[in-house]
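Visitor:
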Amino acid sequence: GTAANALAVALHAQPWTAVFCHEDAHIASDECGAPEFYSGAKLALVPGEHGKITPATLTAALSKTGNSGVHGVQRGMLSLTNVTEAGTVYSPAEIAALTSLAKTHDLPCHLDGARFANALISANATPAEMTWKAGIDVLSFGGTKNGCMGVEAVVIFDPAKAWELELRRKRAGHLFSKHRYLSAQMEAYLTDDLWLRLATQANAMGQRLNQSLAQIPGAALCHQVDANILFPTLAPGTNARAEAKGAVYYNWQTAEGQDAARFVTSWSTTEADTDALLDALRP
Numbered sequence: 332g333t334a335a336n337a338l339a340v341a342l343h344a345q346p347w348t349a350v351f352c353h354e355d356a357h358i359a360s361d362e363c364g365a366p367e368f369y370s371g372a373k374l375a376l377v378p379g380e381h382g383k384i385t386p387a388t389l390t391a392a393l394s395k396t397g398n399s400g401v402h403g404v405q406r407g408m409l410s411l412t413n414v415t416e417a418g419t420v421y422s423p424a425e426i427a428a429l430t431s432l433a434k435t436h437d438l439p440c441h442l443d444g445a446r447f448a449n450a451l452i453s454a455n456a457t458p459a460e461m462t463w464k465a466g467i468d469v470l471s472f473g474g475t476k477n478g479c480m481g482v483e484a485v486v487i488f489d490p491a492k493a494w495e496l497e498l499r500r501k502r503a504g505h506l507f508s509k510h511r512y513l514s515a516q517m518e519a520y521l522t523d524d525l526w527l528r529l530a531t532q533a534n535a536m537g538q539r540l541n542q543s544l545a546q547i548p549g550a551a552l553c554h555q556v557d558a559n560i561l562f563p564t565l566a567p568g569t570n571a572r573a574e575a576k577g578a579v580y581y582n583w584q585t586a587e588g589q590d591a592a593r594f595v596t597s598w599s600t601t602e603a604d605t606d607a608l609l610d611a612l613r614p
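With the numbering used here, the residue at position 196 of the sequence shown is 527, and numbering never jumps.
As structure tokens, this is what we get:
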């Protein structure tokens, strides 16, 4: 995923430009500076509630950039994430509103689709509706987080960029001599809509867990659950109790002393799995 995002950004951004992305975007917080390394560009972090950029926050960010001539960084690219890092989902209309604004400044638009299938199922949209029809120029198409052993694809909607992407992939060390092992995963993933069926299961289990968390005393969700990621706050002591019962998940404490957690359901999550987690969380 990091390689796909970094190469996708490098395909469109120049070293003297800024890539506008959400302040919690994966390219900003979890990729060890790879997008900057491959492109030379600067990331311009845009705030927004629940993991989303809005036209208002993007307009504000754009207004602060590209006003200093040769002395300042220029506007370069917009990068969105769907499903967002908060577990929320942009609709095609929301994406189109942002890309339309970006394109008034001649900015190409990237979609980090590490959980692209989950976003499609949540929004009841087609791949085209969420990408090129909504103004997206390049997609990081995720497979690893939806059942593949380890493969992603960079999907470009401008054929003129294809050769450059091939060269960048080779230069970055991502053209493997046994690339067929990656291709075989992607072929199986797409055959008979397996990728969508896997995401449907993951999202369904996410909603099941979402609905059941109301049974846990003190549990409250930080963000709307649109797909398969949940961020609840929990009563103090809940995480320790759940760990003692064998539950393993990302957890921490808030500044207010509440327990917090990140739950992610997957293609392989069963109803029994969600029930076991709920049992571990109960007093």
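Heads up, the beta-carbon is just placed ideally off N, CA and C, and yes, glycines get one too.
Which residues bound the alpha helix (DSSP H) around K434?
Guide: Under the DSSP assignment, K434 falls in the alpha helix (DSSP H) whose first and last residues are 423–434.
Visitor: From the DSSP output, which residues share a beta bridge with H353?
Guide: V377
Visitor: For Q584, does the three-state DSSP call read helix, strand or coil?
Guide: strand
Visitor: Provide the residue span of the alpha helix (DSSP H) that contains Q532, from first to last.
Guide: Judged by DSSP secondary structure, Q532 falls within the alpha helix (DSSP H) whose first and last residues are 525–543.
Visitor: Just the C-alpha distance for E460 and A448, rounded to the nearest angstrom, thanks.
Guide: 13 angstroms
Visitor: Have a look at W347 and I560 and give me their C-alpha separation to the nearest angstrom.
Guide: Distance between the alpha carbons of W347 and I560 is about 35 angstroms.
Visitor: Roughly how many angstroms lie between the CA atoms of L525 and N534, to the nearest whole one?
Guide: 14 angstroms
Visitor: Let me check one thing: in DSSP terms, what residues is C440 bridge-paired to?
Guide: Bridge partners of C440: L409.
Visitor: How is the beta strand (DSSP E) around S599 delimited, first residue to last?
Guide: Secondary structure note for S599: it is in no beta strand (DSSP E), with a DSSP letter that is neither H nor E.
Visitor: Quick check on K383: buried or exposed, where buried means 16 or more other Cβ atoms within 10 Å of its Cβ?
Guide: buried
Visitor: Reducing DSSP to helix, strand and coil, say where E460 ends up.
Guide: helix
Visitor: Relative to the alpha-carbon of V486, which residue among C479, G478, R500 has its alpha-carbon at the smallest distance?
Guide: R500
Visitor: Pick helix, strand or coil for V556, following the three-state DSSP scheme.
Guide: coil
Visitor: Quick check on the DSSP output: the beta strand (DSSP E) that includes S471 runs from which residue to which?
Guide: 469–473
Visitor: The alpha helix (DSSP H) spanning E518 covers which residue range?
Guide: 511–521
Visitor: Less than 7 angstroms between C-beta atoms, sequence neighbours within five positions excluded: which residues of the same chain meet that for L432?
Guide: P386, L389, T390
Visitor: Which of the three DSSP states is assigned to D606 in this structure?
Guide: helix
Visitor: Would DSSP call E416 helix, strand or coil?
Guide: coil
Visitor: Are three or more beta carbon pairs between the stretch 390–404 and the stretch 420–429 nearer than 8 angstroms?
Guide: no
Visitor: On the CB-based measure, 16 or more other CB atoms within 10 Å of its CB, does S394 come out buried or exposed?
Guide: exposed
Visitor: Short of 8 angstroms in beta carbon distance, which residues of its chain neighbour M480, apart from the five on each side in sequence? Order them along the chain.
Guide: Q516
Visitor: Taking the straight line between their C-alpha atoms, what separation do you get for T585 and K576?
Guide: Within the model, the alpha-carbon separation for T585 versus K576 is close to 22 angstroms.
Visitor: When the Cβ atoms of the stretch 410–417 are set against those of the stretch 450–469, are three or more pairs found closer than 8 angstroms?
Guide: yes
Visitor: By a C-beta neighbour count over all protein chains shown, 10 Å radius and 16 as the cutoff for buried, is A424 buried or exposed?
Guide: Around the beta carbon of A424, a 10 Å sphere encloses fewer than 16 other beta carbons of the protein chains shown; the residue is thus reported as exposed.
Visitor: Within the continuous beta strand (DSSP E) that includes A592, where are the two ends?
Guide: 590–595
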